[in-house]
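Read top to bottom, the protein sequences are chains C and L. Heads up: the first sequence at position 74 corresponds to 126 in the working numbering, and the numbers run straight through without jumps. Heads up: the second sequence at position 160 corresponds to 166 in the working numbering, and the numbers run straight through without jumps.
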Amino acid sequence: MSAPVAPAAASVTAPPPRARPSFARFLRRNPTMALGGLILILLLVTAVAAPYFAGDPISMTPAQRLKPPSAEFWFGTDHLGRDVFARTVYGARISLLVGLSVAIFSIVVGLAIGLLAGYFRKVDAVVMRLMDGLMAIPAILLAIALVALTKASVFIVIVAITIPEVPRVVRLVRAVVLSVREAPYVEAAVASGTRTLRIIRRHILPNTIAPLIVQSTYICASAILVEAALSFLGAGTPPDVPTWGNMIAQSRLYLSVAPWTIFCPGIALATVVLAVNLLGDGLRDRLDPRLARRM
Amino acid sequence: MTATPPALEVSGLKKHFPVQKGLLKRTVAQVKAVDGVSFAIQPGETLCLVGESGCGKSTVAKVALRLIEPTAGSIKLDGVEVSQLDAEAMRPFRKRIQIVFQDPYASLNPRMTAGRIVSEPLENYSDISRAEREERMALLFEKVGLRRDSMNRYPFEFSGGQRQRLGIARALALEPKVIVADEPVSALDVSVQAQVLNLLMDLQEEFGLSYLFVSHDLGVVEHIGHRIAVMYLGKIVELATREALFANPLHPYSRALISAAPMPNPRAKRERIVLEGDVPSPMNPPSGCAFHTRCPFAIPRCRSETPALEPKPDGRLVACHLVE
Numbered sequence: 053m054s055a056p057v058a059p060a061a062a063s064v065t066a067p068p069p070r071a072r073p074s075f076a077r078f079l080r081r082n083p084t085m086a087l088g089g090l091i092l093i094l095l096l097v098t099a100v101a102a103p104y105f106a107g108d109p110i111s112m113t114p115a116q117r118l119k120p121p122s123a124e125f126w127f128g129t130d131h132l133g134r135d136v137f138a139r140t141v142y143g144a145r146i147s148l149l150v151g152l153s154v155a156i157f158s159i160v161v162g163l164a165i166g167l168l169a170g171y172f173r174k175v176d177a178v179v180m181r182l183m184d185g186l187m188a189i190p191a192i193l194l195a196i197a198l199v200a201l202t203k204a205s206v207f208i209v210i211v212a213i214t215i216p217e218v219p220r221v222v223r224l225v226r227a228v229v230l231s232v233r234e235a236p237y238v239e240a241a242v243a244s245g246t247r248t249l250r251i252i253r254r255h256i257l258p259n260t261i262a263p264l265i266v267q268s269t270y271i272c273a274s275a276i277l278v279e280a281a282l283s284f285l286g287a288g289t290p291p292d293v294p295t296w297g298n299m300i301a302q303s304r305l306y307l308s309v310a311p312w313t314i315f316c317p318g319i320a321l322a323t324v325v326l327a328v329n330l331l332g333d334g335l336r337d338r339l340d341p342r343l344a345r346r347m
Numbered sequence: 007m008t009a010t011p012p013a014l015e016v017s018g019l020k021k022h023f024p025v026q027k028g029l030l031k032r033t034v035a036q037v038k039a040v041d042g043v044s045f046a047i048q049p050g051e052t053l054c055l056v057g058e059s060g061c062g063k064s065t066v067a068k069v070a071l072r073l074i075e076p077t078a079g080s081i082k083l084d085g086v087e088v089s090q091l092d093a094e095a096m097r098p099f100r101k102r103i104q105i106v107f108q109d110p111y112a113s114l115n116p117r118m119t120a121g122r123i124v125s126e127p128l129e130n131y132s133d134i135s136r137a138e139r140e141e142r143m144a145l146l147f148e149k150v151g152l153r154r155d156s157m158n159r160y161p162f163e164f165s166g167g168q169r170q171r172l173g174i175a176r177a178l179a180l181e182p183k184v185i186v187a188d189e190p191v192s193a194l195d196v197s198v199q200a201q202v203l204n205l206l207m208d209l210q211e212e213f214g215l216s217y218l219f220v221s222h223d224l225g226v227v228e229h230i231g232h233r234i235a236v237m238y239l240g241k242i243v244e245l246a247t248r249e250a251l252f253a254n255p256l257h258p259y260s261r262a263l264i265s266a267a268p269m270p271n272p273r274a275k276r277e278r279i280v281l282e283g284d285v286p287s288p289m290n291p292p293s294g295c296a297f298h299t300r301c302p303f304a305i306p307r308c309r310s311e312t313p314a315l316e317p318k319p320d321g322r323l324v325a326c327h328l329v330e
């Protein structure tokens with residue numbers, strides 16, 4: 053795809069050589085995307101590096117219960133004397149893990165099903181009715197049912213949130229495939245003997261990438277919110293793992309005495325979702341074919 | 007006529023598109039886009055299909071390539087029946103018949119370089135080695151009049167005429183015997199049309215290609231065609247050599263069509279036959295001769311009895327009760 057441009061080709065008709073897009077220019081042109089991306093990267097780094105600086109999120113020091121933020125405990129302590137800063141940082145791990153995993157799994161599964169349904173019209177009707185059925189299941193109910201049936205774990209939560217997200221991806225991919233498969237260049241490929249799998253890979257798949265990247269950010273944001281809701285209800289991640297949802301749930305009785313125990317995870321949650329959505333909006337503006345500027 | 011089989015022969019070709027309604031997709035009607043078309047193209051010959059929009063010209067072209075599956079009828083390439091072959095069995099025959107599309111923009115994948123677009127057909131057949139592929143690519147670009155260093159460029163960097171040359175190079179890549187050209191010049195500027203037509207004619211001479219050339223432009227058809235088939239509502243109404251058709255069209259529809267073509271000399275007098283009304287719906291074609299609703303010479307027999315496409319004394323085929 054990105055073969056180096058032959059110098060001869062650039063001579064006559066090509067526009068004047070464009071300046072290498074510098075990072076500063078990128079920031080100026082895409083402020084929302086840059087801000088969202090920056091926040092996300094910061095959070096990812098803190099989450100990954102948590103064991104090296106955040107301290108212990110589990111150990112209880114009842115003598116230090118409900119202490120307000122201080123130099124020792126940046127975000128204060130909760131009702132069991134646990135460090136809220138450490139717990140918030142460790143909570144980011146679960147949130148980001150769930151968000152990214154759900155985005156990746158639902159895109160991979162949805163892409164495969166969507167390509168099949170869009171290209172092979174015979175499976176389409178059956179598959180799409182199945183997807184309609186899946187869409188009707190609320191993620192929270194499914195997660196509660198799965199956790200009731202099996203042992204609570206982060207993996208179960210990821211599966212439970214992925215299942216209802218898949219149909220959205222399938223619909224998106226199918227719509228793209230349906231419009232592209234009628235394109236004359238696809239007919240040309242058929243006429244020149246290209247096998248079906250290669251047609252899908254070479255002519256159809258590339259058209260689905262841009263909308264999928266955008267969609268994946270929205271899925272990621274909603275997965276983080278659903279995970280927090282599940283933890284809040286105690287229906288997801290095991291209660292001994294610190295997550296933003298169960299931090300808020302455990303501290304809700306102390307809202308009037310120790311508001312920091314709720315505000316810290318709450319603000320963190322809002323920030324992540326905002327950052328992911330900003331990134332998604334930026335990507336959408338950038339990748340939308342109607343606003344197509346060459347990247 | 008020699009004993010060699012026609013490069014492409016279709017007979018009794020039909021394509022009916024079902025019109026489906028309701029939840030259960032019941033078929034409530036059939037659109038008879040192509041309703042019994044037969045013709046044969048000899049090696050090195052150009053057969054033009056003309057007719058107004060919606061008469062089924064392009065459908066015939068796509069069915070002949072099996073891009074659309076025929077409802078009935080046979081398609082023979084070099085005498086071999088291919089209409090029933092499955093996708094895998096069809097692949098070797100796809101080498102023999104290729105297509106050039108109308109729209110030089112939509113028919114080239116915008117994400118692929120010119121080189122990759124033209125080499126795609128070659129990559130599909132493992133009997134063509136890499137070295138051979140390179141060699142053939144260079145030759146193809148030269149044949150269609152494109153610079154070899156344009157291989158690394160993307161379609162949007164080419165003009166319409168150059169893109170159509172790319173489309174022709176792609177069609178030539180597999181060294182086909184037959185090229186189906188589906189209005190290959192109607193999207194181009196007139197000055198570029200002539201270049202592309204002349205390129206097609208030069209290539210025909212050099213490689214002995216047969217063309218099935220679909221067009222609604224009679225000027226183009228007169229320039230490139232050897233024989234011409236006039237279509238109306240999914241059927242051929244007249245099939246004659248270019249000279250015979252343009253000098254003396256026999257079917258009333260052919261006459262109207264040819265009298266409507268603009269002439270280079272504005273002072274030349276010619277009888278204009280202006281047809282009344284619109285083309286009837288192919289979903290519900292008129293009884294008898296499909297043209298009787300608009301024909302200025304229609305007699306009662308035309309309403310009840312469908313005229314067969316029959317040979318006339320000078321060798322042409324005409325489907326009309328009034329032509330002896």
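Cβ atoms here follow ideal geometry from the backbone N, Cα and C, with glycine treated the same way.
Here residue 127 of chain C carries a coil assignment [DSSP, helix/strand/coil].
Only 130, 131 from the segment 128 to 154 of chain L bring a Cβ to less than 8 angstroms from some Cβ of chain C. Residue 308 of chain L carries a helical assignment under DSSP once its states are collapsed to helix, strand and coil. Take the alpha-carbon of residue 267 of chain C and the one of residue 89 of chain C: they are about 16 angstroms apart. When Cβ pairs closer than 8 angstroms are counted between the two stretches, the segment 234 to 249 of chain C is seen to touch the segment 105 to 123 of chain L, the count reaching three or more. Boundaries of the alpha helix (DSSP H) around residue 63 of chain L: 63 to 70. As DSSP reads the structure, residue 245 of chain L sits in a beta bridge with L:235, L:323. In the structure shown, residue 22 of chain L falls within a strand segment according to DSSP collapsed to helix, strand and coil.
Per DSSP, the continuous alpha helix (DSSP H) segment holding residue 174 of chain C begins and ends at 173 to 187. The segment 194 to 209 of chain C makes no contact with the segment 131 to 145 of chain C; the number of CB pairs closer than 8 angstroms stays below 3.
A Cβ-Cβ distance of about 4 angstroms is found for the pair residue 39 of chain L and residue 65 of chain L, placing them in contact under the 8 angstroms criterion.
Contact between residue 100 of chain L and residue 245 of chain C holds, with the beta-carbon distance rounding to 4 angstroms and staying under 8 angstroms.
236, 237, 238, 239, 240, 241, 242, 243, 244, 245, 246, 247, 248, 250, 254, 255, 258, 259: these are the residues of the segment 236 to 265 of chain C whose beta carbon lies less than 9 angstroms from some beta carbon of chain L, given in chain order.
The Cβ-Cβ distance between residue 108 of chain L and residue 185 of chain L does not fall below 9 angstroms.
Taking the Cβ atoms as the reference, residue 272 of chain C lies roughly 6 angstroms from residue 152 of chain C, within the contact range of under 8 angstroms. In terms of Cβ geometry, residue 225 of chain C and residue 165 of chain C form a close pair [threshold 9 angstroms]. Neighbours of residue 113 of chain L across chain C, judged by C-beta separation under 7 angstroms: 236, 237, 240. Close CB contacts of residue 206 of chain C within its chain, under the 6 angstroms cut and outside five residues either way in sequence, are with 289 (chain order). For residue 170 of chain L, the uninterrupted alpha helix (DSSP H) run begins and ends at 166 to 178, by DSSP. For residue 251 of chain L, same chain residues with a beta-carbon under 6 angstroms away, outside a window of 5 residues either side, are 234 in chain order. With respect to residue 285 of chain C, residue 301 of chain C sits close: the two C-beta atoms are nearer than 9 angstroms.
At least one CB atom of chain C sits nearer than 9 angstroms to the CB of residue 105 of chain L.
Counting other Cβ atoms within 10 Å of its Cβ, residue 110 of chain C stays below 16 and is therefore classed as exposed.
Within its own chain, the residues whose Cβ lies closer than 7 angstroms to the Cβ of residue 282 of chain L, once the five positions on either side in sequence are excluded, are 300, listed in chain order. Here the alpha carbon of residue 204 of chain L sits roughly 30 angstroms from the alpha carbon of residue 278 of chain L. If the five residues before and after residue 189 of chain L are omitted, its C-beta is found closer than 6 angstroms to the C-beta atoms of 108, 220, 221, all from its own chain and listed in chain order. At the C-beta level, residue 279 of chain C and residue 221 of chain C stay beyond 9 angstroms of one another. When rounded, the separation of the alpha-carbon atoms in residue 184 of chain C and residue 156 of chain C is 21 angstroms. With a 10 Å radius around the Cβ and a threshold of 16 neighbouring Cβ atoms, residue 104 of chain C comes out exposed.
At a cut-off of 9 angstroms, the C-beta of residue 256 of chain L has no neighbouring C-beta in chain C.
The C-beta distance from residue 154 of chain L to residue 147 of chain L rounds to 5 angstroms, short enough to meet the 8 angstroms contact threshold.
Beyond the five residues adjoining it in sequence on each side, residue 318 of chain C comes within less than 8 angstroms, by CB distance, of 296, 300 in the same chain, given in chain order.
At a cut-off of 9 angstroms between beta carbons, residue 82 of chain L makes no contact with chain C.
The CB of residue 109 of chain L comes closer than 9 angstroms to the CB of 236 in chain C, given here in chain order. Going by DSSP, residue 193 of chain C is part of the alpha helix (DSSP H) stretching over 191 to 201. For residue 54 of chain L, no alpha helix (DSSP H) segment is defined; the enclosing uninterrupted segment is the beta strand (DSSP E) at 52 to 56.
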